[in-house]
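Numbering (our numbering), first residue to last: 1 to 499.
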């Protein structure tokens, strides 16, 4: 007799573990509330262009956890990958920089340059024991052991924002694990057909192995009897019994909404409430009437707006007034500004919370149609620009129109001739991501901060028998979709012991 499994949600975690379990002899039924599968990895079309809801680049493609799932279910070629080669270029304060060749353009002192290079070489050398110790060390503290140059902090902050979308103390250990994997695999890429190709491959595998995938069916609640999950109740009141229930809705929504606080201890409920999400992002997706760039991707870092921020908030930042005057007058350059003030301190300050720069400081810019030519009609081009924004007013200014302008102005820095070729722009705000994936519109899930990694990561096995949470919230390591895939693989290993 096959064990019956109900899965709530078709994100990478839900669809991935569903494919793994169905292939291994379980009887899987997956429920997805939306018409499109995939959650944050969903993709929709507009005038022949394929637009992703969330993720825009996969760190390790087929060589990472997503590829491992495809291997286990014996469908290694079900996702076609396009590697990001040549590697992305930096657009740093107006200069095009290709690492490591152009690192000198960052104007590090010879000492700081040597230390910055040593930092990256050490990433490949750390033992598992050393990495474990660094799991609970904030990344800015770790970088400070090598150099106090604010430009180095800014670059590492960019990578942490790109990988983990965290605003608080990102885990050094998690940064090292992910950076090491990427440096060794050299396989960052993008799937043909958009990011939805990944959950589509897994859902197709569930169906091919005689499981069920049901879209536009919302699960109202998880049924618990005698501290055991016995199935799910759909929105229409129908009860679907199962031996195991797996939720891809996130630890908070699963505990507090789908099950309900009364089924858990007060201590556990408070623990769940105290978890904090990664930051939200806003994406500007630009359709162009012709191809204007041959590059695959840019990493945009720009601090030209810092003098304006300093003028407005200099006192709150604790910056010496004489230095403020020199910055405002242009007496010192942006690079000099970066060497004299801490970007990290500015970004953390209360004064900065409601500030929207004219050009966003850090933007991830994949030229999607160069990575995947099927994402745009022939002869046209699709460019995305994405960066962190507040998810709600408690985090800062939520004027998303202004944030979109801030990101778009950064794109114009990279592509000065873009404006004349724009057909239209599609803006994806945290509110849109909330519709697809919930969790307040954050871009990943529970943040990979020093107090939420390793032994502090949310549990995938809840204190109710046969009830599990899969997805980025309960993955141990990885970037974005790969964190969710990590959770799927770990849960698969755990549940295989039930057979």
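Built from N, CA and C at the ideal position, the CB exists for glycine as well. None of the values given here were measured: they were computed from a predicted structure.
As assigned by DSSP and simplified to three states, the class of residue i
i, result
"residue 386", "strand"
"residue 65", "helix"
"residue 282", "strand"
"residue 76", "coil"
"residue 150", "helix"
"residue 306", "helix"
"residue 231", "strand"
"residue 215", "strand"
"residue 27", "strand"
"residue 118", "helix"
"residue 206", "helix"
"residue 452", "coil"
"residue 221", "strand"
"residue 58", "strand"
"residue 131", "helix"
"residue 415", "coil"
"residue 356", "coil"
"residue 500", "Outside the shown range of the chain, which is 1 to 499, sits residue 500, and nothing can be said about it."
"residue 292", "coil"
"residue 264", "coil"
"residue 407", "helix"
"residue 433", "helix"
"residue 156", "helix"
"residue 96", "strand"
"residue 180", "helix"
"residue 275", "coil"
"residue 391", "coil"
Anticipated Cβ contact below 8 Å, residue i with residue j, distance rounded
i, j, result
"residue 250", "residue 473", "5 Å"
"residue 180", "residue 146", "That pair is no contact at about 16 Å."
"residue 467", "residue 222", "7 Å"
"residue 19", "residue 73", "5 Å"
"residue 170", "residue 138", "7 Å"
"residue 491", "residue 470", "5 Å"
"residue 511", "residue 69", "Any question about residue 511 goes unanswered here, given that the chain covers just 1 to 499."
"residue 360", "residue 396", "13 Å between Cβ atoms; not a contact."
"residue 421", "residue 292", "6 Å"
"residue 232", "residue 8", "7 Å"
"residue 116", "residue 108", "6 Å"
Own chain, CB closer than 6 Å to residue i, minus 5 neighbours either side, in chain order
i, result
"residue 369", "375, 376, 381 and 382"
"residue 50", "43, 194 and 375"
"residue 134", "172 and 173"
"residue 398", "390"
"residue 185", "60 and 63"
"residue 215", "32 and 35"
"residue 211", "22 and 28"
Same chain, Cβ closer than 8 Å to residue i, five either side skipped, listed in chain order
i, result
"residue 85", "296"
"residue 217", "31, 32, 33, 234 and 235"
"residue 123", "176, 179, 180 and 183"
"residue 460", "468, 469, 470, 474, 487, 490, 491 and 494"
"residue 485", "12, 13, 16, 64, 65, 66, 68, 69, 475 and 478"
"residue 158", "299, 301 and 362"
"residue 308", "357 and 358"
Residue(s) in a DSSP beta bridge with residue i
i, result
"residue 190", "82"
"residue 44", "51"
"residue 300", "91 and 363"
"residue 468", "246 and 461"
"residue 424", "287"
"residue 138", "171"
"residue 5", "28 and 244"
"residue 442", "280"
"residue 22", "None, per the DSSP bridge assignment."
"residue 381", "288"
"residue 239", "233"
"residue 251", "Partner(s): none; residue 251 has no beta bridge."
Same chain, Cβ closer than 7 Å to residue i, neighbours up to 5 away in sequence not counted
i, result
"residue 81", "61, 62, 189 and 191"
"residue 463", "264 and 268"
"residue 424", "287"
"residue 88", "296, 297, 298 and 299"
> At a cut of 8 Å, does the region 218-229 reach the region 403-414 through at least three beta carbon pairs?
Replying inline: no
> With contact counted as at least three CB pairs below 8 Å, one residue from each stretch, are the region 46-65 and the region 355-368 in contact?
Replying inline: The region 46-65, when compared against the region 355-368, does touch it at the 8 Å Cβ threshold.
>> Taking 8 Å as the cut-off, does the region 296-303 touch the region 91-110 (at least 3 CB pairs, one atom from each stretch)?
In response: With three or more CB-CB distances shorter than 8 Å, the region 91-110 counts as touching the region 296-303.
> Do three or more CB pairs link the region 196-208 to the region 15-25 at distances below 8 Å?
Replying inline: yes
> Between the region 259-268 and the region 60-67, are three or more C-beta pairs nearer than 8 Å?
Replying inline: Below 8 Å, too few C-beta pairs join the region 259-268 and the region 60-67 to call them touching: fewer than three.
> Any chance the region 466-484 sits against the region 7-15, with 3 or more Cβ pairs inside 8 Å?
Replying inline: yes
> Is it a yes or a no for the region 425-432 touching the region 142-159, going by three-plus beta-carbon pairs under 8 Å?
Replying inline: As far as the Cβ criterion goes, the region 425-432 does not touch the region 142-159, which means the pair count is below three.
> Is the number of C-beta pairs between the region 25-42 and the region 449-463 that are closer than 8 Å three or more?
Replying inline: no
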